[in-house]
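Just so you know, we're using full-length UniProt numbering here: the sequence shown kicks off at 1 and counts up by one.
Don't be surprised by glycine CBs; every beta carbon is placed ideally from N, CA and C.
Here the structure is a predicted model, which is why all the values come from computation and not from measurement.
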Amino acid sequence: MAITPRNCKIPTTSNVDEDNSDRLSSFPEHIIHHIFSFLDTVHVVRSSSVSRKWRYFLVSMPHLNFNINTFWSLLGEQWSIETTIKKFKDFVDGVLLSQNCSVDIQNFGLYYLKVRDDNTIYRWMNVMARRNVQQLDLSLLSHTPMELPLRLLAL
Numbered sequence: 001m002a003i004t005p006r007n008c009k010i011p012t013t014s015n016v017d018e019d020n021s022d023r024l025s026s027f028p029e030h031i032i033h034h035i036f037s038f039l040d041t042v043h044v045v046r047s048s049s050v051s052r053k054w055r056y057f058l059v060s061m062p063h064l065n066f067n068i069n070t071f072w073s074l075l076g077e078q079w080s081i082e083t084t085i086k087k088f089k090d091f092v093d094g095v096l097l098s099q100n101c102s103v104d105i106q107n108f109g110l111y112y113l114k115v116r117d118d119n120t121i122y123r124w125m126n127v128m129a130r131r132n133v134q135q136l137d138l139s140l141l142s143h144t145p146m147e148l149p150l151r152l153l154a155l
């Protein structure tokens with residue numbers, strides 16, 4: 001049966017729970033982690049203000065995705081590119097520092113603009129090696145070639 005405007009039912013307030021319960025928060029933590037794994041980390045951080053349970057959720061998040069374009073579109077349009085890069089690096093550093101170091105990283109995604117003499121990426125890669133990263137997805141825009149730390153290649 002095809003869905004047409006006539007047979008498509010739109011939920012009304014009478015169909016919705018009256019108690020406005022937070023159904024997503026009732027899922028086990030690993031399910032919420034999986035759902036959030038599809039989001040950029042900046043969105044995960046922003047959503048942490050939605051629920052009390054999520055306030056410290058990022059501490060144990062095993063999926064981290066950082067995209068400077070997402071960061072720019074949400075927060076940086078009023079800044080210069082240099083300021084945006086600095087604030088993006090501070091954001092990634094802050095997330096990595098706030099995490100529980102005993103939690104292994106299942107995947108780490110990074111879309112980043114590497115400027116000259118920027119060793120930040122090497123620091124992040126060393127953190128990923130210590131955190132036993134399982135999947136590494138790097139997309140780096142750079143004018144100079146970059147070598148991955150040998151520690152990462154041995155994982």
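(1) Quick one: what's got a C-beta closer than 7 Å to Gln106's C-beta in the same chain, skipping five residues either side?
(2) Near Asp137, which residues of its chain fall below 6 Å by C-beta distance, leaving aside the five closest residues on each side in sequence?
(3) With respect to the beta strand (DSSP E) encompassing Ser98, which residues constitute its N-terminal and C-terminal limits?
(4) Excluding five sequence neighbours on each side, which residues of the same chain lie with their C-beta closer than 8 Å to the C-beta of Ser60?
(5) For the beta strand (DSSP E) containing Tyr111, list its first residue and its last residue.
(6) Under the assumption that Trp72 contacts Thr83 (Cβ atoms under 8 Å), give the Cβ distance between them as a whole number of angstroms.
(7) When we look at the beta-carbon of Val42 and count the other beta-carbons within 10 Å, is it buried (16 or more) or exposed?
(8) Could you name the residues of the same chain whose beta carbon sits closer than 7 Å to that of Ser47, not counting the 5 residues immediately before and after it, in chain order?
(9) Using the beta-carbon count (16 or more within 10 Å), is Asp40 buried or exposed?
Concretely, from the data shown:
(1) In chain order, Pro62, His63, Gln134 and Gln135 place their CB closer than 7 Å to the CB of Gln106, counting only its own chain and leaving out the 5 sequence neighbours on each side.
(2) Non-local C-beta neighbours of Asp137 in its own chain, meaning closer than 6 Å and more than five positions away in sequence, comprise Gly109, ordered along the chain.
(3) Looking at the DSSP string, Ser98 is not in any beta strand (DSSP E); the run it does join, the alpha helix (DSSP H), is Ile81 to Ser98.
(4) So the list reads Glu29, His33, Gln99, Asn100 and Val103, once near-sequence residues are dropped.
(5) Run containing Tyr111: Asn107 to Leu113, per the beta strand (DSSP E) assignment.
(6) Not really, about 11 Å apart at Cβ, beyond 8 Å.
(7) By the C-beta density criterion, Val42 is buried, having at least 16 other C-beta atoms within 10 angstroms.
(8) Trp54.
(9) Buried, by the Cβ-count rule.
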